[in-house]
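Position in the sequence shown (from 1) plus 35 gives the number in our numbering. Note that the Cβ used here is the ideal one computed from N, Cα and C, for glycine as well. Report on the following structure.
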Amino acid sequence: MKDWSLFPWQKAQWDQMVHCQQSDNLAHAYLLRGVPGTGKLQFAKALSAYLLCMNPQPAGACGQCKECELLKAGTHPDFTLLEPDDPGRPIRIDSIRKLNDLAHKTAQQGGRRIIILNPAEAMNVNAANALLKCLEEPGEDTIFLLVSARSGDMLPTIRSRCQQLNFSTPDRASAEQWLSTQLDDLSLVTQLLDLTANSPLEAKRFAEQGLLEKRESLADGLKGLFKGKVTPVELAKSWQSSDLPLALSWMIGWLDDATKLGLSADSDSLRNRDQLKMLEYLARKSDVRNLLDERDWLMSQRQSLMEGGNLNPQMLMEGVFCRSLDLVLH
Ligand SMILES: [Zn+2]
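Now the structure itself:
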């Protein structure tokens, strides 16, 4: 049951839940919180399988009983995974209202009913209040698993009704060990983990989606811009259909490192050592104050993009590249 199994760095949280189950001490709602890329959703699925399985083992669901078969087939009547219709949009209020009815019916398979909400902060106020109602009067044998990387954005009254399970990024050795089993090219492991702040799942996504190459091409674009080989408008054209929040976060990382160099930091402390030449150029050509201002501006643009703000991609990237050029031109 590949999608229904744990990651090795989640053992402490797992043991805690197995202990709750074995001592018949499960809460009605859990909040799985922590940084992105630590596999919280997959943990929620593994836990669902374990709690629904007719023959659960301490290591997880058996993978063979009728409940496990129904889960694998995606047809288990007592398992619900509720997500927004489109990534980045809120979960719809009528979906939450339906949950309320569902949570009070007897589970069809006669056991528990599990409801996962992911991401649990993706709700408007009305939907959150409807969810609060579900949590205040939970149905018998219904367990809610709320998954959130931004639990600070949730209603405090929702958070306080959940027991919390915290997830953090694994230590470097565990991250390296796991990532090495996932990649064909092991020479990339160190760089990928450096770039993703030690998040193994993000690192894997970088490798699978060719994001290292994409990042390299952004760096090349900037170097071309600084040398006058390409204009901001031309460069923006080749970036307007990309994952812009990610592109901006790369630039933010470069500005962070250039700032460190500007403050005479050792190059060993940089996260983007592969771009050292460009970073030194930025640090030489611009002062720390301008680098910091630029970083703040990029952060605010990135935030608007992630909140679904209505920014025109071409205009935005033209602005980004014009400002980058300004940084080095005086
Ligand atoms: Zn089973």
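Q: Within its chain, find whatever has a CB closer than 6 Å to the CB of L167; leave out the 5 residues flanking it on each side and keep chain order.
A: In the same chain as L167, and ignoring 5 residues on each side of it, the C-beta atoms closer than 6 Å to its own belong to T192, I193, in chain order.
Q. Measuring from the CB of Q99, is there a heavy atom of ligand 1 at a distance below 7 Å?
A. Checking the 7 Å criterion, the Cβ of Q99 is within range of a heavy atom belonging to ligand 1.
Q | P205 versus A47 - alpha carbon distance | A | Distance from the CA atom of P205 to the CA atom of A47, rounded to whole angstroms, is 12 Å.
(Q) Tell me the rounded alpha-carbon separation between Q56 and I126. (A) Between Q56 and I126, the C-alpha separation is close to 29 Å.
Q: May I ask you to check if the CB of A108 is nearer than 7 Å to at least one heavy atom of ligand 1?
A: False, no ligand heavy atom lies under 7 Å from that Cβ.
Q. Which full runs of the alpha helix (DSSP H) of 4+ residues lie inside the segment 153-223, going along the chain?
A. Within the segment 153-223, the runs of alpha helix (DSSP H) at least 4 residues long that lie entirely inside it are, in chain order, 160-171, 191-194, 207-215.
Q: Answer yes or no: the CB of N90 versus the heavy atoms of ligand 1, is any distance below 7 Å?
A: Yes, ligand 1 has a heavy atom inside 7 Å of this Cβ.
Q: Under 8 Å by Cβ, that's how I've got M286 and L326 pegged, so tell me the actual separation to the nearest angstrom.
A: Contact between M286 and L326 does not hold, since the beta-carbon distance rounds to 11 Å and is not under 8 Å.
Q. My guess is that V182 and L106 are in contact by the Cβ rule of under 8 Å, so how many angstroms apart are they, rounded?
A. Incorrect: roughly 17 Å between the Cβ atoms, too far for contact.
Q. Under 8 Å between the Cβ atoms of V70 and A157?
A. Annotated as distal: V70 and A157, with beta-carbon spacing of 8 Å or more.
**Q.** CB contact flag (L116, N153, <8 Å)
**A.** With contacts defined by Cβ atoms closer than 8 Å, L116 and N153 form a contacting pair.
Q.
I'd like the span of the alpha helix (DSSP H) that includes F261, first residue to last.
A. From DSSP, the alpha helix (DSSP H) with F261 extends over 246-261.
**Q.** Nearest neighbour of P112, chosen from I150, A282, I128 [CA to CA]
**A.** Checked all of I150, A282, I128; the closest Cα to P112 is I150.
Q) Among residues of its own chain, excluding the 5 on either side of A81, which ones have a beta-carbon nearer than 7 Å to its beta-carbon? A) These residues qualify, in order along the chain: W39, S40, L41, G95.
Q. Tell me, which residues are paired with T115 by DSSP?
A. In the DSSP assignment, T115 forms a beta bridge with I150.
Q) Excluding sequence positions up to five away, which residues of its chain have a Cβ less than 6 Å from the Cβ of V355? A) Exclusion of the five residues before and after V355 leaves no residue of its chain whose Cβ lies closer than 6 Å to its Cβ.
**Q.** The beta strand (DSSP E) enclosing A64, as first and last residue numbers
**A.** Its beta strand (DSSP E) spans residues 64-69.
Q: Say yes only if the C-beta of A94 is nearer than 7 Å to one or more non-hydrogen atoms of ligand 1, and no if none qualify.
A: No, since every heavy atom of ligand 1 falls outside the 7 Å radius drawn around the Cβ of A94.
Q. Which value, in whole angstroms, describes the spacing of the CA atoms of M189 and I128?
A. Whole-angstrom Cα-Cα distance: 15 Å.
**Q.** Backbone CA spacing between K19 and D220 [nearest angstrom]
**A.** The question about residue 19 has no answer, for the chain in this structure spans 36 to 365.
Q: Kindly identify the DSSP beta-bridge partner or partners of Q310.
A: Paired residue(s): none; Q310 is not in a bridge.
(Q) Any heavy atom of ligand 1 closer than 7 Å to the beta-carbon of E102? (A) E102: yes, Cβ under 7 Å from ligand 1.
Q: Report the three-state DSSP secondary structure of Q92 (helix, strand or coil).
A: Three-state result, Q92: strand.
Q. Helix, strand or coil: which one does DSSP assign to A232?
A. Coil at A232, not helix or strand.
Q. Who are the near neighbours of E118 in its chain, counting only those whose CB is closer than 6 Å to its CB and skipping five residues on each side?
A. Excluding residues within five positions, the ones whose Cβ falls inside 6 Å are N153.
Q | Buried versus exposed call for V268 [16 or more other C-beta atoms within 10 Å across all chains shown] | A | Exposed, since its Cβ has fewer than 16 Cβ neighbours within 10 Å.
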